[in-house]
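Novice:
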Amino acid sequence: QVCLYKLLSLFHLQLLVFFFCSVIQHFDYVPREFLFWLIHLVSISFLYLYKSLLYKDKWEKKASENKSFDIFCDVGHMALDTLMKCTFGKGDSGLSHSDNSYYLAVSDLTLLMQQRIDSFQYHNDFIYWLTPHGRRFLRACQIAHDHTDHVIRQRKAALQDEKEQKKLQERRHLDFLDILLGARDESGIKLSDADLRAEVDTFMFEGHDTTTSGISWFLYCMALYPMHQQRCREEVREILGDRDSFQWDDLAQMTYLTMCMKECFRLYPPVPQVYRQLSKPVTFVDGRSLPAGSLISLHIYALHRNSAVWPDPEVFDPLRFSPENMTGRHPFAFMPFSAGPRNCIGQQFAMNEMKVVTALCLLRFEFSPDPSKIPIKVPQLILRSKNGIHLYLKPLGPGSGK
Numbered sequence: 028q029v030c031l032y033k034l035l036s037l038f039h040l041q042l043l044v045f046f047f048c049s050v051i052q053h054f055d056y057v058p059r060e061f062l063f064w065l066i067h068l069v070s071i072s073f074l075y076l077y078k079s080l081l082y083k084d085k086w087e088k089k090a091s092e093n094k095s096f097d098i099f100c101d102v103g104h105m106a107l108d109t110l111m112k113c114t115f116g117k118g119d120s121g122l123s124h125s126d127n128s129y130y131l132a133v134s135d136l137t138l139l140m141q142q143r144i145d146s147f148q149y150h151n152d153f154i155y156w157l158t159p160h161g162r163r164f165l166r167a168c169q170i171a172h173d174h175t176d177h178v179i180r181q182r183k184a185a186l187q188d189e190k191e192q193k194k195l196q197e198r199r200h201l202d203f204l205d206i207l208l209g210a211r212d213e214s215g216i217k218l219s220d221a222d223l224r225a226e227v228d229t230f231m232f233e234g235h236d237t238t239t240s241g242i243s244w245f246l247y248c249m250a251l252y253p254m255h256q257q258r259c260r261e262e263v264r265e266i267l268g269d270r271d272s273f274q275w276d277d278l279a280q281m282t283y284l285t286m287c288m289k290e291c292f293r294l295y296p297p298v299p300q301v302y303r304q305l306s307k308p309v310t311f312v313d314g315r316s317l318p319a320g321s322l323i324s325l326h327i328y329a330l331h332r333n334s335a336v337w338p339d340p341e342v343f344d345p346l347r348f349s350p351e352n353m354t355g356r357h358p359f360a361f362m363p364f365s366a367g368p369r370n371c372i373g374q375q376f377a378m379n380e381m382k383v384v385t386a387l388c389l390l391r392f393e394f395s396p397d398p399s400k401i402p403i404k405v406p407q408l409i410l411r412s413k414n415g416i417h418l419y420l421k422p423l424g425p426g427s428g429k
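Take any residue in the sequence shown, count from 1 to its spot, add 27: that is its number in our numbering.
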């Protein structure tokens with residue numbers, strides 16, 4: 028039986044801080060209120076990106092082969108490509124070799140972090156850094172940091188050019204990096220290179236890997252439950268009407284798709300567990316307690332399948348998230364984006380991004396599962412599948428309601 032809370036060794040916190048560059052210490056420069064505003068601004072821009080992104084996708088060609096295929100990697104590249112555009116203002120040339128190396132490095136880091144958590148002998152820093160896994164971790168981390176540093180240097184150099192500055196002033200929406208480069212504290216001091224890298228690394232890691240997991244498992248749920256898939260498709264078609272692209276106000280109207288997405292997050296939370304350090308002692312209902320300073324793991328996956336909280340927890344039922352059924356539910360019963368003051372600041376970006384992507388996917392394809400390749404869930408910081416998520420895709424004609 029999975030425990031909801033467990034003590035963790037100090038290395039867990041060190042490991043996460045090592046990759047995220049101690050992002051918390053930079054909030055004196057970039058307060059959460061600023062980041063909320065910034066991410067909202069960035070989230071507007073991706074509405075104009077996904078139409079071209081999905082046209083470049085290879086799924087139509089793969090679907091014509093009448094074979095199931097693993098969607099996880101393709102979704103990952105699509106999510107990273109979009110985030111690169113929103114964050115760094117990259118053009119429509121797709122992922123470069125450097126971007127692809129970054130994607131592979133981040134995938135490697137999530138695997139290695141989970142391996143270290145699961146291996147007692149790796150809890151000791153001295154031992155871990157001497158092992159092949161430790162050295163591999165350092166190499167992958169260096170690739171990720173080098174990629175971010177390179178892009179920041181490129182953008183700084185470009186902004187020295189007067190033509191680039193004029194283009195920036197004329198643009199309606201700024202990129203994430205442009206906003207950070209222009210940010211100043213109360214003394215007028217700009218963010219240092221280390222501060223910039225910390226914020227960009229965090230946004231990039233949490234913005235594409237978790238989104239990849241969320242979109243992939245949602246499409247898997249839609250494949251498993253064709254009735255819900257068709258109802259979502261009809262809702263999106265009704266909202267879109269004769270238009271071929273979404274508007275910002277459309278997202279709030281996707282009520283049934285949103286309920287299906289939340290139910291998917293309940294069964295397949297993109298981040299199955301999160302780590303926290305107790306700021307004060309906690310006593311549980313059974314009398315046991317933990318002192319302040321303890322490092323704990325909150326097992327979101329177990330919480331979301333707890334029959335005491337969720338009746339028939341293994342049943343996929345989107346109506347759990349209808350307004351009437353949500354009334355009176357404990358606010359921490361459902362927390363795919365964590366909860367409290369340290370919750371995910373990018374959750375609105377993630378939800379809007381996933382709505383746009385999945386809505387367009389449902390309009391273009393009909394999804395069905397491959398019974399011979401049932402996903403084997405495995406936590407690697409995010410929720411992945413050990414054997415991939417293999418689906419059959421059937422292309423749908425333009426304007427098709429089915």
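We put the beta carbon where it would ideally sit given N, CA and C, even for glycine.
1) If you measure between the beta carbons of F343 and C291, is that distance less than 9 Å?
2) Can you list, in chain order, the residues of its chain whose CB lies under 7 Å from that of Q148, leaving out five sequence neighbours each side?
3) Here's a check: name, in chain order, each residue in its chain whose Cβ is nearer than 6 Å to the Cβ of A90, leaving out the five neighbours to either side.
4) Going by CA-CA distance only, name the one from A221, V227, W244 that's closest to D205.
5) On the DSSP letters alone, give me the boundaries of the beta strand (DSSP E) that I409 sits inside.
6) Quickly, what does DSSP pair H235 with across the bridge? List them, please.
7) How big is the Cα-Cα spacing for H417 and I98?
8) Count the C-beta pairs between the segment 263-272 and the segment 397-407 that are closer than 8 Å, then say yes if the count reaches three, no if not.
9) Below 8 Å on the Cβ atoms is my contact criterion, and I expect I179 with A132 to pass it. Report the Cβ-Cβ distance as a whole number of Å.
10) To the nearest angstrom, how far is the alpha carbon of Q52 from that of P396?
11) Within 10 angstroms of the Cβ of Q304, are there 16 or more other Cβ atoms? Answer buried if so, exposed if not.
12) Put A159 into one of helix, strand or coil per three-state DSSP.
13) Which residues mark the beginning and the end of the alpha helix (DSSP H) in which Y283 is found?
14) Of the residues T238, A185, R224, which one's Cα is nearest the Cα of L107?
15) If we ignore side chains and look at the alpha-carbon of each, how far apart do F361 and R293 end up?
16) Should H172 and L139 be called a contact, given that it needs their Cβ atoms to be closer than 9 Å?
17) Could you check where the alpha helix (DSSP H) with R22 kicks off and where it finishes?
18) Rounded to a whole number of angstroms, what is the C-alpha to C-alpha distance between N379 and L208?
19) Go ahead and label F273 buried or exposed: buried means 16 or more other beta carbons lie within 10 angstroms of its beta carbon, across all protein chains shown.
20) Excluding five sequence neighbours on each side, which residues of the same chain lie with their C-beta closer than 8 Å to the C-beta of V336?
21) Which term fits T137, buried or exposed, when burial requires 16 or more other beta carbons within 10 angstroms of its beta carbon?
22) Only counting the same chain, and skipping five residues up and downstream in sequence, which positions put a Cβ closer than 7 Å to that of A354?
23) Under a three-way DSSP split, which group does S395 fall into?
24) Using a threshold of 9 Å, state whether the C-beta atoms of K400 and S95 are closer than that.
25) Around the Cβ of L346, are there at least 16 other Cβ atoms within 10 angstroms (buried) or fewer (exposed)?
26) Whose C-alpha, out of H104, D339, Q142, is nearest the C-alpha of Y129?
27) With a threshold of 16 other CB atoms inside 10 Å of the CB of L85, please say whether the residue is buried or exposed.
28) In the DSSP output, what is H417 paired with across the bridge?
29) Would the beta-carbon of Y302 fall within 9 Å of that of S324?
30) Helix, strand or coil for P406? Go by DSSP, reduced to three states.
31) Along the chain, where does the alpha helix (DSSP H) that runs through L207 open and close?
32) So who's on the other strand from H326, going by DSSP bridges?
33) Measure the C-alpha to C-alpha separation of W156 and K289 and round it to an integer number of angstroms.
Specialist: With the given structure in hand:
1) For the purposes of this step, residue 343 is taken as the residue at position 316 of the sequence shown. For the purposes of this step, residue 291 is taken as the residue at position 264 of the sequence shown. Yes, they are a contact pair.
2) Position 121 of the sequence shown, counted from the first residue, corresponds to residue 148. So the list reads I154, once near-sequence residues are dropped.
3) Residue mapping note: residue 90 aligns to position 63 of the sequence shown, counting from 1. Only L420, P422 meet the Cβ criterion.
4) In the sequence shown, counting from the first residue as 1, residue 205 sits at position 178. With distances taken between Cα atoms, D205 lies closest to V227.
5) Taking the sequence shown and counting its residues from 1, one reaches residue 409 at position 382. 409-412 is the span of the beta strand (DSSP E), which, as asked, contains I409.
6) Within the sequence shown, numbered from 1, the residue matching residue 235 stands at position 208. Note: H235 sits in no beta bridge, so no partner.
7) By 1-based counting over the sequence shown, the position of residue 417 is 390. By 1-based counting over the sequence shown, the position of residue 98 is 71. The alpha-carbon atoms of H417 and I98 are separated by roughly 6 Å.
8) By the Cβ criterion, the segment 263-272 is not in contact with the segment 397-407, since fewer than three pairs of Cβ atoms, one from each stretch, lie closer than 8 Å.
9) Looking up residue 179 in the sequence shown gives position 152. Looking up residue 132 in the sequence shown gives position 105. For I179 against A132, the beta-carbon gap comes to about 17 Å, at or over 8 Å, which does not count as contact.
10) Taking the sequence shown and counting its residues from 1, one reaches residue 52 at position 25. Taking the sequence shown and counting its residues from 1, one reaches residue 396 at position 369. The pLDDT assigned to Q52 is 38, lower than 50, so where the model puts this residue is not dependable, and the model offers no usable value.
11) Translated into positions along the sequence shown, residue 304 becomes position 277. Answer is exposed; the Cβ neighbour count stays below 16.
12) The sequence position of residue 159 within the sequence shown is 132, counting from 1. A small correction: the amino acid at residue 159 is Pro; Ala does not occupy that position in the sequence shown. In this structure, P159 counts as helix in the three-state DSSP scheme.
13) Working through the sequence shown from its first residue, we reach residue 283 at position 256. Counting along the chain, the unbroken alpha helix (DSSP H) around Y283 starts and ends at 282-294.
14) Your numbering for residue 107 matches position 80 in the sequence shown. If we check each option's Cα against that of L107, T238 comes out closest.
15) As a working note, residue 361 is residue 334 in the sequence shown. As a working note, residue 293 is residue 266 in the sequence shown. Approximately 7 Å, taken between the alpha carbons.
16) On the sequence shown, position 145 is the one that residue 172 refers to. On the sequence shown, position 112 is the one that residue 139 refers to. Against a cut-off of 9 Å, the Cβ pair of L139 and H172 comes out as no contact.
17) Nothing about residue 22 can be read from this structure; the chain reaches only from 28 to 429.
18) Locating residue 379 in the sequence shown gives position 352, counting from the first residue. Locating residue 208 in the sequence shown gives position 181, counting from the first residue. Each residue's alpha carbon lies about 25 Å from the other.
19) Locating residue 273 in the sequence shown gives position 246, where the first residue counts as 1. Around the beta-carbon of F273, 16 or more other beta-carbon atoms lie within 10 Å, marking it buried.
20) Position 309 of the sequence shown holds residue 336. If we look at V336 and ignore the five residues flanking it on each side, its Cβ neighbours are L330, H357, A360.
21) Residue 137 sits at position 110 when you count from the first residue of the sequence shown. Note on T137: 16 or more other CB atoms within 10 angstroms of its CB, so buried under the neighbour-count rule.
22) Here residue 354 is taken as the residue at index 327 of the sequence shown, counted from 1. Note that residue 354 is Thr in the sequence shown here, rather than Ala. Within the same chain, and ignoring the five residues on either side of T354 in sequence, no residue has its Cβ closer than 7 Å to its Cβ.
23) In the sequence shown, counting from the first residue as 1, residue 395 sits at position 368. DSSP places S395 in strand when its eight states are reduced to three.
24) Residue numbering aside, residue 400 sits at position 373 when the sequence shown is read from its first letter. Residue numbering aside, residue 95 sits at position 68 when the sequence shown is read from its first letter. The Cβ atoms of K400 and S95 lie closer than 9 Å to each other.
25) Taking the sequence shown and counting its residues from 1, one reaches residue 346 at position 319. L346 sits exposed, since fewer than 16 C-beta atoms from the chains shown fall within 10 Å of its C-beta.
26) Position 102 of the sequence shown, counting from 1, holds the residue named residue 129. Among H104, D339, Q142, the Cα nearest to that of Y129 belongs to H104.
27) Position 58 of the sequence shown, counted from the start, is the residue given in the question as residue 85. A small correction: the amino acid at residue 85 is Lys; Leu does not occupy that position in the sequence shown. In the assembly as shown, K85 is an exposed residue. Its beta-carbon has fewer than 16 other beta-carbons within 10 Å.
28) Stepping through the sequence shown from its first residue, residue 417 is reached at position 390. Within the DSSP bridge table, the entry for H417 names D97 as partners.
29) For this step, residue 302 is matched to residue 275 along the sequence shown. For this step, residue 324 is matched to residue 297 along the sequence shown. Between Y302 and S324, the CB-CB gap stays under 9 Å.
30) The residue given as residue 406 occupies position 379 in the sequence shown. In this structure, P406 counts as strand in the three-state DSSP scheme.
31) Translated into the one-based positions of the sequence shown, residue 207 becomes position 180. The continuous alpha helix (DSSP H) containing L207 extends over residues 203-209.
32) Counted from its first residue, the sequence shown places residue 326 at position 299. The partner list for H326 (beta bridge, DSSP) reads Q300.
33) On the sequence shown, position 129 is the one that residue 156 refers to. On the sequence shown, position 262 is the one that residue 289 refers to. Answer to the nearest angstrom: the Cα atoms are 39 Å apart.
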